[in-house]
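Engineer:
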Amino acid sequence: DAETPIIKRIASSILADITHLKKWSKAPAINLRDTLGNLVTLDQFKGSYVYIQFWATWNVASIEDLVFMNQIHAKYKNKIAFLSISGDRNQEDFYRFVQNHNYPWQIVHYNKKFSLLEKYSVRSFPMYFLVDPDGKLALSPAYEPNRMIGYFDAIINSGKDAVKDFEIIRDYKGE
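So the numbering used here is basically just the index in the sequence shown, starting at one, shifted up by 9.
(1) Whose CA, out of Asp102, Gln80 and Val140, lies closest to the CA of tryptophan 114?
(2) May I have the straight-line CA-CA distance separating phenylalanine 106 from tyrosine 160, to the nearest angstrom?
(3) Can you tell me whether leucine 48 is buried or exposed? The criterion is at least 16 other CB atoms within 10 Å of its CB, across all chains shown.
(4) Tell me the residue span of the alpha helix (DSSP H) that contains histidine 82.
(5) Once the 5 residues before and after tyrosine 119 are set aside, which same chain residues still bring their CB inside 7 Å of it?
(6) So what's aspartate 180 in DSSP terms, helix, strand or just coil?
(7) With a CB to CB cut of under 6 Å and the five nearest residues on each side skipped, what residues in its chain are close to isoleucine 165?
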């Protein structure tokens with residue numbers, strides 16, 4: 010509500026710093042192409058939880074987590090959307106890897122959109138986020154797939170506010 014443009018810019022910058030990737034803040038937009046050239050956006054998952062993985066083919070932990078994600082995807086695919094975003098600098102490595110593996114969820118390449126990696130503060134691979142059905146960050150960052158099973162079960166059993174309820178219960182029990 011400031012009258013001068015400079016004060017508005019300063020206030021906007023401070024607000025962005027305070028809320029950047031904070032829990033329940035709006036998740037940064039994602040607009041990338043899949044291996045078939047189809048546009049994949051975060052908005053297309055609106056109404057569902059989305060588990061986002063930033064990964065790379067050269068990272069052993071990423072590859073191990075892809076194997077585990079493949080297993081849990083079968084159990085949770087009807088309630089939770091999965092989105093894996095490769096941060097490989099060489100796009101050909103990404104395409105070769107994806108062609109040799111049959112992952113049934115959306116897998117895209119960041120396509121040298123460094124701003125996306127910056128918006129999600131990706132500093133290492135793998136890195137995860139859980140976005141709620143309203144497009145807000147429910148867990149920022151989220152845990153690796155094997156530690157997300159409790160959250161995923163809570164989502165399936167409790168519905169939209171499951172992550173909030175799960176967190177409150179965990180805090181209350183002191184776990």
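Quick reminder that beta carbons are idealized off the backbone N, C-alpha and C, glycines included.
Structural biologist: Considering the structure as presented:
(1) Gln80
(2) 29 Å
(3) exposed
(4) From DSSP, the alpha helix (DSSP H) with histidine 82 extends over 69-85.
(5) Leu41, Ile94, Ser95, Gly96, Leu125 and Leu126
(6) For aspartate 180, the predicted model reports a pLDDT of 47, less than 50, meaning its position is unreliable; a value from the coordinates is still stated below. Looking at aspartate 180 - three-state DSSP - the assignment turns out to be helix.
(7) Spatial neighbours of isoleucine 165 in its own chain (CB-CB distance under 6 Å, excluding positions within 5 residues in sequence) are listed in chain order as Lys88.
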